[in-house]
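Input: a single structure, listed below in structure tokens.
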Amino acid sequence: AHLRPDKMAMSADLQWLIIRNNSSYLLKGSRQTFSTEPNNLKAKNCFRYNGLVNRKTVGVEPAKDGKGVVMITKNSKGYRKPNKTYTRVELKKGARRTMASIRTLIRNKRYRKDLKMAAVRRASAIIRSQRPVTVRKAGSQKKTGAKK
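UniProt numbering numbers the first residue of the sequence shown as 1 and each following residue consecutively.
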């Protein structure tokens, strides 16, 4: 009997059982295990947020030039073609417009609703960290001691 490659693909559940305690991305702590894998928005080591085994994943990273974010989506149909699996979209038009773009992209591609909120929060944190820091001048401070 001839075996077709598409029939030999492992399910996401089986892949999760293999990598959940045994991955190079794991950060095992005393209470909870975290993960540094790509497209894991909450950095938790659980099946729901895993960026490797799920068919549809979303990731948000800072842009290379330090302005804006890059939204990475995993295409559910191209899982056998690694070159076409991920789509990268740069979002640099400002904070509110970036958040709106992330919401509409996730809604229109029918990703999970909890991924939408996590992606918006991650993008918000990245954009907030890219803002220039204003240094306040040390003004004249009041002296509390008695004059002699």
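Positions of the beta carbon are idealized from the N, C-alpha and C atoms, including for glycine.
Going along the chain, which residues of its own chain have a beta-carbon closer than 8 Å to the beta-carbon of residue i, five neighbours each way excluded?
i           : result
residue 103 : 116, 120
residue 65  : none
residue 78  : 84, 85
Quick one, are the C-beta atoms of residue i and residue j less than 9 Å apart?
i           : j           : result
residue 118 : residue 42  : yes
residue 72  : residue 58  : yes
residue 50  : residue 37  : yes
residue 97  : residue 105 : no
residue 82  : residue 70  : no
Identify, in the order they occur along the chain, each residue of the same chain with its Cβ nearer than 6 Å to the Cβ of residue i, setting aside the five sequence neighbours on each side.
i          : result
residue 95 : 127
residue 1  : Residue confidence for residue 1 is low, a pLDDT of 49 falling below 50, so the modelled location carries little weight; the figure read from the coordinates is stated next. Excluding sequence neighbours, residue 1 sits near nothing in its chain.
Label residue i either buried or exposed according to how many other C-beta atoms from any shown protein chain fall within 10 Å of its C-beta, with 16 as the threshold for buried.
i           : result
residue 181 : The shown model of the chain, from 1 to 148, leaves out residue 181, and the question about it has no answer.
residue 84  : exposed
Grab the span of the beta strand (DSSP E) containing residue i for me, first residue to last.
i           : result
residue 115 : No beta strand (DSSP E) contains residue 115, which is instead part of the alpha helix (DSSP H) from 113-130.
residue 71  : 69-74
By Cβ distance below 7 Å, which residues in the same chain neighbour residue i in space, the five residues on each side in sequence not counted?
i           : result
residue 122 : 41, 60
Looking at the secondary structure, which residues open and close the alpha helix (DSSP H) in which residue i lies?
i           : result
residue 101 : 95-108
residue 26  : Taken as a continuous stretch (DSSP letters only), residue 26 belongs to no alpha helix (DSSP H), being part of the beta strand (DSSP E) at 26-28.
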